[in-house]
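**Q** Numbered according to the UniProt record's numbering, the sequence shown spans residues 1 to 616.
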Amino acid sequence: MLLPLLPTLVPQLLHLFRVCWQWSYTPLSWRVAQVVPIHKKGSKTDPGNFRPISLTSTFRKLFEKCLYPSLLEQSPALDIAQGGFRESRSSLDQVQCLIEICSILRRNHNSSPTLAFLDIKSAYDTVDRSYVWSELQSHLCPALLGILKNLFDHVQMEILLDNRVSYRFSPVTGVLQGSILSPFLYSIYINRLPSLLRQPLLLDNSFSGDIVSDLTPSINCLLYADDVVLIANPENLTSLLQKCEAHSYSLGYRWNPLKCVIIAPTSDVKTYQLYGTTIPNESSFSYLGIPIKPGGLIDYPAMIQHNINKASLTMNQLAAIGLNSKGFPPLLACRFYSQMVRAQLDYGLAISPLTTKFIHQLDTFQNQCIRRIFGGHSRSSAQVMLHLVNLPSMRTRVAVLQAQYLFRSTHLPDDTLLAHLLPYIQSSTSHSHWYKLANTPMWKPLCGPILDTLDKKKFLSLRTKFLADQFQNLCNNSDSILLSSTRPTIQVDPILWLPMTCSERSRVLRWRLGWLPGGKPKECIFHPYHNWSRRHAFDCLQIHHRLYLPRSIEDPISFLLNLLPLHKPRPTASHSWFTLWPILCTILHELDYYFHDECPPPPVDPGAKLLNWLSK
């Protein structure tokens with residue numbers, strides 16, 4: 001919205017931002033937040049089940065983005081256990097660290113840890129801002145600290161609900177949910193908790209000892225913003241919970257015992273409490289979207305089913321607005337699918353060494369979605385559909401996601417927890433979760449042997465090679481004539497985007513998918529003793545002769561479709577299409593009518609859209 005105004009707007013904003021910086025003061029409109037309650041889960045009659053999201057000025061957000069690098073540079077270092085909203089750290093990294101720490105404790109310390117997943121009540125709303133400013137005061141320059149105080153201490157809020165706006169009020173505590181700076185300020189607020197819980201052996205981020213004997217036992221909690229998990233044996237967990245209580249009293253926030261969860265091995269029969277309230281004990285807990293079961297292991301059946309259920313709900317919602325065979329064009333629909341549906345299906349797969357059974361479940365769901373987009377029946381093959389839109393099978397997709405994650409994990413900064421664990425978990429003797437992932441079909445044969453020299457450019461090249469090899473293997477191991485007649489390269493088939501009428505594209509697609517002719521066998525109206533089929537159509541409609549192609553070409557229509565341009569060619573290179581494309585469109589037009597026992601009317605300007613595009 002602001003991009004067209006950049007040449008005029010940028011000098012004005014620069015001058016305004018400089019004035020704000022100089023005087024540590026911002027316009028009032030930047031400090032007015034409309035709070036929209038977003039329902040999380042549970043009863044809608046309980047206000048505690050809503051997340052208050054603050055809608056703030058766009059110019060405030062631009063200003064905050066400008067302040068953020070300086071805030072990161074000048075602020076004190078965050079604890080290594082904190083992985084939330086930090087560069088080169090992701091939620092999957094945090095789950096991976098939890099799994100690896102629990103694995104090391106089980107294998108090397110003969111200790112199956114009990115996990116306590118803790119929930120902070122109204123975390124962002126209870127932040128004592130004066131404590132945050134005191135933590136930052138000795139590190140930030142006066143101008144930056146002053147502007148932060150102005151942005152957060154002098155805020156006015158109004159509630160937006162059912163198209164009505166409440167009166168304005170000024171919150172005594174809290175940082176705005178929706179502000180770019182709030183996650184980092186919250187991390188500063190709770191930054192001392194990990195070192196308070198940690199053993200006296202290691203009180204800072206300087207871990208120089210042995211990973212197994214020193215580092216892992218000392219990391220007894222992980223934070224991802226306000227998501228806290230304690231890792232300890234039953235003897236120590238009670239003490240850690242007491243320290244968490246004391247920390248909450250000292251800073252003025254509260255844990256929510258009823259929303260906390262204990263995941264304990266069968267040997268641990270103790271009950272644990274916060275503020276005298278017993279914490280529920282469960283068999284599984286969704287930590288950062290990944291279900292974790294006792295022992296710090298991923299609950300794979302629960303994760304796969306949750307992903308499929310979530311993706312299915314999104315697919316049904318999108319189908320109602322056009323993600324179906326009669327709505328959006330197939331290419332656009334598949335892009336919606338890959339960005340909004342498959343993204344939910346993908347979550348967690350990068351750190352999950354799955355069995356064939358689980359991958360088959362994912363493939364089955366993806367095939368159902370693709371059939372809905374193309375209008376195929378429940379038993380139609382989805383291989384050709386996926387190849388046309390350049391979507392790999394979920395088996396291939398999982399292998400690529402895992403290889404991408406492993407490659408990224410080997411290039412993390414030294415101050416990340418996963419980078420500290422990596423030297424140990426990379427070895428075969430560790431029996432680590434990371435090492436199991438390293439046996440992925442893409443990583444082990446292609447990336448692992450050249451890991452020392454593997455850079456991003458080379459990795460992307462290997463990924464392209466892997467995808468091409470997987471498709472070639474699919475063709476070699478499949479007896480599908482339709483698949484073998486498609487383009488042998490990994491790219492979107494141009495029949496999905498080249499200019500055509502709806503009827504022309506429909507017929508070309510149906511030919512590719514084997515639906516023209518298709519369905520129940522029908523007698524040829526010219527040869528009553530022969531049913532319509534591709535082979536019969538070649539002879540009956542004299543397709544080879546009309547397209548000026550030798551009979552040695554088994555499928556002349558697919559042969560020409562494979563030659564369609566991938567980009568606008570030079571006029572000399574497109575000359576033959578002005579002859580062949582109208583003939584091809586006419587042949588498919590006739591075949592469509594003949595197969596439906598109708599006499600075809602003369603086509604009107606067959607192929608005109610593509611020819612106009614080529615001639616421009």
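Beta carbons are placed, not taken as given, at the ideal position from N, Cα and C, and that holds for glycine.
Return the CA-CA distance between residue 182 and residue 433, expressed in angstroms with no decimal places.
**A** Translated into positions along the sequence shown, residue 182 becomes position 182. Translated into positions along the sequence shown, residue 433 becomes position 433. Roughly 33 Å between the two C-alpha positions.
**Q** Which of the three DSSP states, helix, strand or coil, is assigned to residue 464?
**A** Start at 1 with the first residue of the sequence shown, and residue 464 comes out as number 464. Note: residue 464 maps to helix in three-state DSSP.
**Q** Closer than 8 Å is the cut-off here; do at least three beta carbon pairs connect the stretch 284-301 with the stretch 90-98?
**A** Yes: at least three Cβ pairs fall under 8 Å.
**Q** Can you have a look at residue 570 and say buried or exposed, based on whether 16 or more other CB atoms are within 10 angstroms of its CB?
**A** The count along the sequence shown starts at 1 and reaches residue 570 at position 570. When all chains shown are included, residue 570 counts as exposed.
**Q** So, for residue 65: in the same chain, excluding its five sequence neighbours on each side, which residues have a beta-carbon less than 8 Å away from its beta-carbon?
**A** Residue mapping note: residue 65 aligns to position 65 of the sequence shown, counting from 1. Cβ neighbours of residue 65 beyond the five flanking positions: 180.
**Q** Within 10 Å of its beta-carbon, does residue 504 have 16 or more other beta-carbons around it, so buried, or fewer, so exposed?
**A** Residue numbering aside, residue 504 sits at position 504 when the sequence shown is read from its first letter. The residue is buried, with at least 16 neighbouring Cβ atoms inside 10 Å.
**Q** Assign residue 470 to one of two classes, buried (16 or more other C-beta atoms within 10 Å of its C-beta) or exposed (fewer than that).
**A** As a working mapping, residue 470 is identified with position 470 in the sequence shown. It counts as buried.
**Q** Using a threshold of 8 Å, state whether the C-beta atoms of residue 416 and residue 252 are closer than that.
**A** As a working mapping, residue 416 is identified with position 416 in the sequence shown. As a working mapping, residue 252 is identified with position 252 in the sequence shown. No, they are not a contact pair.
**Q** Mapping the DSSP letters down to three states, classify residue 275 as helix, strand or coil.
**A** Position 275 of the sequence shown, counted from the first residue, corresponds to residue 275. Looking at residue 275 - three-state DSSP - the assignment turns out to be coil, as it is neither helix nor strand.
**Q** Apart from the five residues just before and just after residue 540, which ones in its own chain have a Cβ nearer than 7 Å to its Cβ?
**A** Translated into the one-based positions of the sequence shown, residue 540 becomes position 540. Hits under 7 Å: 524, 526, 527.
**Q** Among 45, 135, 156, whose alpha-carbon lies nearest the alpha-carbon of residue 54?
**A** As a position in the sequence shown, residue 54 is number 54, starting the count at 1. Measuring from the Cα of residue 54, the nearest candidate turns out to be 156.
**Q** Which value, in whole angstroms, describes the spacing of the CA atoms of residue 339 and residue 436?
**A** The residue labelled residue 339 in the question sits at position 339 within the sequence shown. The residue labelled residue 436 in the question sits at position 436 within the sequence shown. If I take the Cα positions, the gap works out to 28 Å.
**Q** Using a threshold of 8 Å, state whether the C-beta atoms of residue 113 and residue 232 are closer than that.
**A** Reading the sequence shown from its first residue, position 113 is the one you call residue 113. Reading the sequence shown from its first residue, position 232 is the one you call residue 232. Cβ atoms of residue 113 and residue 232: closer than 8 Å.
**Q** Suppose only complete runs of 4+ residues qualify. What are the alpha helix (DSSP H) ranges in the stretch 127-169, listed by chain order?
**A** 129-136, 142-153
**Q** So, under 8 Å CB-CB, residue 119 and residue 256 are touching, yes? Tell me the CB distance rounded to an integer number of Å.
**A** Within the sequence shown, residue 119 is the residue found at index 119, counting from 1. Within the sequence shown, residue 256 is the residue found at index 256, counting from 1. Right, the Cβ-Cβ distance comes to about 5 Å (below 8 Å), so this counts as a contact.
**Q** Take the Cβ of residue 585 as the centre, count every other Cβ of all protein chains shown within 10 Å, and call the residue buried at 16 or more, exposed below.
**A** Locating residue 585 in the sequence shown gives position 585, where the first residue counts as 1. Residue 585 should be labelled buried.
**Q** First and last residue of the beta strand (DSSP E) that includes residue 478?
**A** As a working note, residue 478 is residue 478 in the sequence shown. First-last for residue 478: undefined, no H or E at that position.
**Q** Is the CB-CB distance between residue 263 and residue 292 below 8 Å?
**A** Working through the sequence shown from its first residue, we reach residue 263 at position 263. Working through the sequence shown from its first residue, we reach residue 292 at position 292. Result yes, Cβ atoms of residue 263 and residue 292 sit closer than 8 Å.
**Q** Taking only the alpha-carbon atoms, compute the straight-line gap between residue 63 and residue 9 and give it to the nearest angstrom.
**A** As a first step, residue 63 is located in the sequence shown; it is residue number 63 there, counting from the start. As a first step, residue 9 is located in the sequence shown; it is residue number 9 there, counting from the start. Approximately 13 Å between the Cα atoms of the pair.
**Q** So residue 440 packs on residue 404, CB below 8 Å; how close in whole Å?
**A** By 1-based counting over the sequence shown, the position of residue 440 is 440. By 1-based counting over the sequence shown, the position of residue 404 is 404. Cβ-Cβ separation between residue 440 and residue 404: approximately 10 Å, too far for a contact (criterion under 8 Å).
**Q** In chain order, which beta strand (DSSP E) runs of at least 3 residues are fully inside the stretch 29-87?
**A** 32-39, 50-55
**Q** Would a C-beta distance cut-off of 8 Å place residue 318 and residue 336 closer than the cut-off?
**A** The count along the sequence shown starts at 1 and reaches residue 318 at position 318. The count along the sequence shown starts at 1 and reaches residue 336 at position 336. Going by C-beta atoms, residue 318 is nearer than 8 Å to residue 336.
**Q** Where residue 238 and residue 272 are concerned, what is the direct C-alpha to C-alpha distance, given to the nearest angstrom?
**A** Walking along the sequence shown from the start, residue 238 turns up at place 238. Walking along the sequence shown from the start, residue 272 turns up at place 272. The alpha-carbon atoms of residue 238 and residue 272 are separated by roughly 7 Å.
**Q** Return helix, strand or coil for residue 403, following the three-state DSSP convention.
**A** Translated into positions along the sequence shown, residue 403 becomes position 403. DSSP places residue 403 in helix when its eight states are reduced to three.
**Q** Here's the rule I'm using: 16 or more other beta-carbon atoms within 10 Å means buried, otherwise exposed. How should residue 594 be labelled?
**A** One-based indexing of the sequence shown puts residue 594 at position 594. With 16 or more other CB atoms across the displayed protein chains lying within 10 angstroms of its CB, residue 594 is buried.
**Q** Below 8 Å, how does it come out for the stretch 505-513 and the stretch 575-589: are there three or more Cβ pairs, yes or no?
**A** yes
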